[in-house]
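Here the structure comes first, spelled out in structure tokens, and everything after it is commentary.
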Amino acid sequence: MGQHHHGQGQQEHGHGHGHGHGHHDDTDIDWAELADHLEGQAELFAPLNRQAAAWVAERQPEPGLVVDVGSGPGVVSCLLADEFPGARVVALDGSGPLLERARARAERLGIADRFGILEAELPDGLGDLEYPADLIWASRSLHHLGDQRAALAAFAERLAPGGTLALVEGGLPSRFLPRVIGIGRPGLQSRIDAAEELWFAEMRAALPGSVAETEDWPGLLTAAGLRGATSRTFLLDIPAPVPEAARAYALASFQRGRGILADFLDASDLSTIDRLLDPDDKSSLHHRADLFVLAAHTVHVAQL
-19 MGQHHHGQGQ QEHGHGHGHG HGHHDDTDID WAELADHLEG QAELFAPLNR QAAAWVAERQ
41 PEPGLVVDVG SGPGVVSCLL ADEFPGARVV ALDGSGPLLE RARARAERLG IADRFGILEA
101 ELPDGLGDLE YPADLIWASR SLHHLGDQRA ALAAFAERLA PGGTLALVEG GLPSRFLPRV
161 IGIGRPGLQS RIDAAEELWF AEMRAALPGS VAETEDWPGL LTAAGLRGAT SRTFLLDIPA
221 PVPEAARAYA LASFQRGRGI LADFLDASDL STIDRLLDPD DKSSLHHRAD LFVLAAHTVH
281 VAQL
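When the letters of the sequence shown are read in order and numbered with the numbering used here, they come out as residues -19 to 284.
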């Protein structure tokens, strides 16, 4: 579950396409639980994000201002502050409670003096930035905006001359299990991927001002007036036996999938997922020794 998800705030929170976006419109959210889940996921993905940030740093070595667009609880914002020790970092998100977690994390890490938060909706909220950014990092947040082309233009407008936009979109769906798992029909995860594509298309179509767009991210970056667009994919490879944090991520991913994909999967696959989530079932994710995490995220960069 998940090529579209990722794990930060302005994007979905959790499984697959992520952590439930639109989350700031919900009134019944357990923010502490959501933040714990997002922090755990982002910490698990830290090796991948660190590699990606180092690659971006080759193109933009000493930015003065870095903005993490859709920062959520700020795990990646703080990682960017570590990668760019001379930079001021602003975590921008639509969720105040998640941004408070970001601020607290920055204080714990001793970087509060160069770390700011900005509660704002995308893309208009970018106009609230005091200064143009030398680096805008947007991970899995763009695909929650109806008109992605217009949003990219808004991102580009907030770049300083020579500034870089790093867009994390695409990659491959995360894999957790072998094709044959001893229960249900083989190939469960491929069917979940197909269901998620249907769900994602419906989610996009329902967004305000939704515009169908070819997902040629380098082409869209170029159309936004940026130059030198290029892409690279980074791997998270956690083989079995996994640490508990990886098991928790897998459980959260299947739990969310069970919630949002119920209308897209058949009864037999849903019953297999229920078994995978049942702590009393020896075949469940709670007990399996063959559980792994393999994920690929693609980063697209271009400069003003």
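The beta carbon of each residue, even a glycine, is placed where N, CA and C say it ideally should be.
Here's the rule I'm using: 16 or more other beta-carbon atoms within 10 Å means buried, otherwise exposed. How should residue 236 be labelled? buried
Residue 154 versus residue 270 - alpha carbon distance: 15 Å
For residue 265, count the other beta carbons within 10 Å of its own beta carbon; 16 or more makes it buried, fewer makes it exposed. Which is it? buried
What are the partner residues of residue 286, as DSSP defines its beta bridges? Outside the shown range of the chain (-19 to 284) lies residue 286, about which nothing can therefore be said.
DSSP state of residue 56 mapped onto helix, strand, coil: helix
In chain order, what residues of the same chain lie with their CB nearer than 6 Å to the CB of residue 219, ignoring the 5 residues before and after it? 272
Taking only three categories from DSSP, how would you classify residue 107? helix
Can you tell me which of the three DSSP states residue 194 falls into? coil
Classify residue 132 as helix, strand or coil using the three-state DSSP reduction. helix
Measuring alpha carbon to alpha carbon, tell me which residue in 162, 69, 256 is nearest residue 91. 69
State the start and end residues of the unbroken alpha helix (DSSP H) segment that holds residue 266. Run containing residue 266: none; DSSP gives neither H nor E here.
Could you check the C-alpha separation between residue 5 and residue 76 for me, to the nearest Å? Confidence is the limiting factor: at residue 5 the pLDDT is only 43, short of 50, which leaves the residue's position unreliable, though a coordinate-based value still follows. If I take the Cα positions, the gap works out to 12 Å.
Taking the alpha-carbon positions, what's the residue -10 to residue 19 distance? Per-residue confidence for residue -10 stands at a pLDDT of 35, beneath the threshold of 50, marking its modelled position as unreliable; the derived number appears in the next sentence. Residue -10 and residue 19: Cα-Cα distance of roughly 14 Å.
DSSP three-state assignment for residue 286, whether helix, strand or coil: A question about residue 286 goes unanswered here, because the residues of the chain that appear run from -19 up to 284.
What's the C-alpha gap between residue 152 and residue 231? 19 Å
Whole-Å CB distance - residue 59 paired with residue 33, under 8 Å assumed: 6 Å
Here's the rule I'm using: 16 or more other beta-carbon atoms within 10 Å means buried, otherwise exposed. How should residue 143 be labelled? buried
Given this structure, state the Cα-to-Cα distance separating residue 10 from residue 71, to the nearest angstrom. 21 Å
Can you tell which of 50, 54, 39 has its C-alpha closest to the C-alpha of residue 23? 54
For residue 214, the residue or residues it bridges with in DSSP: 277
Answer with buried or exposed for residue 62, where buried requires no fewer than 16 other C-beta atoms within 10 angstroms of its C-beta. exposed
Cβ neighbour criterion (16 or more within 10 Å) applied to residue 268: buried
Straight-line CA distance for residue 3 to residue 250? Caution is warranted here: a pLDDT of 39 is assigned to residue 3, below 50, making its placement in the model unreliable, and no coordinate value can be reported.
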